[in-house]
Each structure stands twice: as structure tokens, then as C-alpha cells.
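Numbered according to this note's numbering, the sequence shown spans residues 6 to 348. For every residue, glycine included, the Cβ atom is placed at its ideal position computed from N, Cα and C. Inspection log for the structure reproduced underneath, given as C-alpha cells.
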Amino acid sequence: MQAGETSTDVIIIGAGPVGLFAVFQLGLAKLKAHLVDILDKPGGQCAELYPEKPIYDIPGLPVCTGQELTDRLLEQIAPFEPVFHLGEMAASLDKTPGGKWRLTTDAGTVLTAPVLVIAAGGGSFVPKRPPIPGIEAYEGKSVFYAVRRIEDFRGRRLVTAGGGDSALDWTVNLAAVASELTLVHRRPEFRAAPATVAKMRELEAQGLVKFETGQPSELKGADGQLEAVTIKRTDGTLFDIEADRLLPFFGLTMKLGPIADFGLNLNENLIPVDTEKFETGTNAIFAIGDIIAYPGKLKLILSGFHEAALMAQAAHRYVHPDKVLRFQYTTSSSELRRLLKVA
Ligand code: FAD
């Protein structure tokens, strides 16, 4: 292992419901897992797309919301102490000289493990880019679609844009560190939670936040450094806001992203697997959940849970080729109850 690399038993790409349950099944096999997700929170589609919608087809749970299911899964896997790398995109994959998988994220985290599990669902959630000509040149320098460290924005003149939860949450949170902050939205009504909107209006009344209706339409600056954002009002008139940073929050879209380059013989952006072990065509790379294809596959959470259970059995053979994994019930095995910290 090289300096800066973290070694574990299994690396999981994707902390959606299926990636989370994989931690549980791997944990019962005494395998430790690190999870990487581009989102800043676990739960995948359940937490990002429908946190408050009720789900009715989780076995044994007649009804629970997307967020509740995520919270229960997190509680269930807590005894196995998974390590999360959130807000990081699994960017590239290669092998160590010792034959392990080495995954590098876009934040520079390097993980090595004998087994890789891809639970990437419909792909990584990526921000929708506003239709501003030349915005690419400013991205990562003075245009940001997420906030990794609030401190990076201290003392800056900020423009936030959008009307949903992310736009309003970050407007409220960044107001405390910005030297000036203007929220821009195409209309004065917001989709965000009413409590956050009320908080934003309170900050506006205190002079800590300005609000303008319109859409960012042009960026002014040089070498990726922003000097002003031109705003187009609904009547077509334009005006400039002097700013150092623009943070557009226009929602997320799902893209397969770098996994497409992992050499997995994708078929219509899905990974073919066998249904005995849920292994891909590459040894020690498994795939489970919405990202996979096999005859009869249903894109349901419960299907992903089943796939995780079979995957864990096979993954164990790669991590401990010299050990046999005994099949045991959690109800009757004192060893499993000890692992679950309920003994
Ligand atoms: P996901 O939930 O998609 O999670 C995958 C995660 O991987 C994401 O968080 C993504 O950010 C991350 N990721 C992907 N690529 C990368 C990368 N390169 N680097 C880092 N992170 C990456 N199913 C049911 O069973 N019952 C229902 O009632 C139901 N209702 C639904 C309602 C709606 C509105 C929607 C949209 C879906 C519904 N589903 C339902 C489907 C269910 O949500 C999916 O089957 C489930 O989320 C799949 O889980 P997953 O873990 O495979 O993938």
C-alpha cells in the first residue's frame, strides 16, 4: 500500500439503499466496507428524489418514506461501522501491484480493496448546468454547484441561484460568512421548505441577503475569475451584480459518469452480471441494484437487497480465500448477534 491509500475489504460505489444494505450483508460475513457517493448524504434516489414519499413494498415495513428507509438502513448497518466518503465521485479504477482494486475519487481519496462493489443505481447525480455561455471556464474556480467547505466562501461576494431546497438552504447558511449575498430566482415564489423560505426572508429584512427576480444569463470576468453576473429579468432587461462566486442550484440529473470507463462491457448503460454471485465479467468486481441487467431484473429496492446477500457470500471468497463462510441465521447465531452488538 502506498502513502495516502486506505485499505479495506470492500469498496462500494454508491450509498443508495442497495449500497447501504450491502454493508449489512458484508458485515455479517465480517467484511469491512468503505462507501463512496457523489451526493453529500446517504440514501441515493430515496433520499434525493423522494425523501417524503411513502414506499409500500419493503418487506415487513407496510409504509415508510424514502428518508425513513434510509435512516433505518443507517441504523441497521451502524454496528459494522462503515466509512462514508460523501460528496466524492468515484473517478478512476486501476490495480495495485499486489492485485487489489484501487479506486481514486475526484477529491483525491484513494481506496484499495480485494473487492469492488458497484451499487451506482441510475448513475451519479450531477448538477444541472445553467445555460450560460462559457460557464465551463469558471467551474471549479468561481462557479460551484455544491459547497464542500463553507469557509471557502468567507468574505466573498456571492450570488446563489434557484428556488428549491438546496438554493434556499445554502443561501441561509452562506449568509453567515459572505460579505454580500444575492439570491436570484426567476419568480418570487419558491419550491423550498416554507421554514427555510421564511428564514431567507428574515435575513433579507435584516439586510444580510438580497433577493432579485431573474436568471443568470452572462458571466463577466477573466481566467475563470468572476467579476459580475448579468441577470436577465422576465421582461428581458439586463442588470449586473458584482460578485466573486456564483452558486447555481438548478437540481440534479443522473449520468453514468466514469463507471462507463471501468471496462465492464456495459449494455445500454447497465452492467451485465451473473445471478448466482452478482459478479460482473471482471473478477472481484460485483454489481448490484438499479445499475445491473439480467433476465427478469426488476428495478426494486427489495431485488437489490437480495442481490447484496448473494454478492456478500461470493465477495468473502476473494477476501478470505482460505476461510469457509458458514451460513447462519441472525436469530440463532450468537456469533452474528455479537457482530450486531445485540448479544
Ligand atoms: P440509487 O438509489 O440510484 O443510488 C445509487 C447511488 O450511487 C447514488 O447516490 C449516486 O449518487 C451514487 N453514484 C453513482 N455513480 C457514482 C460515482 N461514479 N461516484 C460516486 N457515487 C456514485 N423502488 C421500490 O422498491 N419501491 C418504491 O416504491 C419505489 N418508488 C420510487 C419512487 C420514485 C419517485 C423513484 C425515482 C424511484 C422509486 N423506486 C422504488 C426505485 C428505487 O428508488 C431504486 O430501485 C433504488 O433507489 C435503487 O437503489 P440503488 O442503491 O441501486 O441506486
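By the neighbour-count definition (other C-beta atoms within 10 Å, threshold 16), F255 is a buried residue. By the Cβ neighbour-count rule, G113 is exposed, with fewer than 16 other Cβ atoms within 10 Å of its own. Along the length of the region 156-208, whole alpha helix (DSSP H) runs at least 4 residues long occupy 170-179, reported in chain order. Cβ neighbours of W175 within its own chain (closer than 7 Å, five residues either side excluded): V152, T165, L252, F254.
Inter-residue distance for I296 and A124 is about 7 Å (C-alpha atoms, whole angstroms). Counting along the chain, M316 sits inside the alpha helix (DSSP H) bounded by residues 306-324. Just so you know, the alpha carbons of G145 and G229 end up roughly 9 Å apart.
By the CB criterion at 8 Å, A180 and V214 fall inside the cutoff. For F130, the enclosing beta strand (DSSP E) stretches over residues 129-132. For the set G24, A227, A34, the Cα lying nearest the Cα of P326 is the one of A34. Between K100 and the set S184, G268, T336, the nearest pair of CA atoms involves G268. Exclusion of the five residues before and after E273 leaves A298 as the residues of its chain whose Cβ lies within less than 8 Å of its Cβ. Taking 7 Å as the cut-off, the C-beta of L44 counts as close to a heavy atom of the ligand FAD. With distances taken between CA atoms, L116 lies nearest to A96 out of A96, P132, T235. In this structure, DSSP gives L36 a state outside helix and strand, which the three-state scheme calls coil. Counting only residues of its own chain and dropping the five nearest sequence neighbours on each side, E185 has a CB closer than 6 Å to the CB of R162. Between D76 and L305, the C-beta spacing is not below 8 Å. Under the three-state reduction of DSSP, A118 is assigned to strand.
Between T109 and H90, the C-beta spacing is not below 8 Å. Of all alpha-carbon atoms in K328, S222, G65, the one lying nearest the alpha-carbon of I140 is that of S222. Counting C-beta pairs closer than 8 Å gives three or more between the region 338-345 and the region 21-41, which meets the contact rule. Contact check for Y150 against L224 fails: the beta carbons are separated by 8 Å or more. Sorting K328, I293, G9 by C-alpha distance to the C-alpha of R107 places G9 at the top.
N272 is bridged by DSSP to L275. Counting the other Cβ atoms within 10 Å of the Cβ of R250 gives 16 or more, which makes it buried. Sequence-distant partners of K133 (beyond 5 residues in either direction) whose C-beta falls short of 6 Å from its own C-beta, in its chain, are F255, G256, T258. Separation of the CB atoms of E312 and I293 is rounded to 4 Å, and the pair is thereby assigned contact status at 8 Å. Using a cutoff of 7 Å, the CB of C51 counts as near the ligand FAD, since one of the ligand's heavy atoms is closer than that.
Under the three-state reduction of DSSP output, P22 falls in the helix class.
For P136, the secondary structure class from DSSP, reduced to helix, strand or coil, is coil. Exclusion of V68 from the 7 Å shell around the ligand FAD follows from its C-beta lying no nearer than that to any non-hydrogen atom of the ligand. Relative to the ligand FAD, M316 has its C-beta separated by 7 Å or more from all heavy atoms.
About 5 Å separates the Cβ atoms of F310 and F26, confirming a contact at the 8 Å cut-off. For F332, the secondary structure class from DSSP, reduced to helix, strand or coil, is coil.
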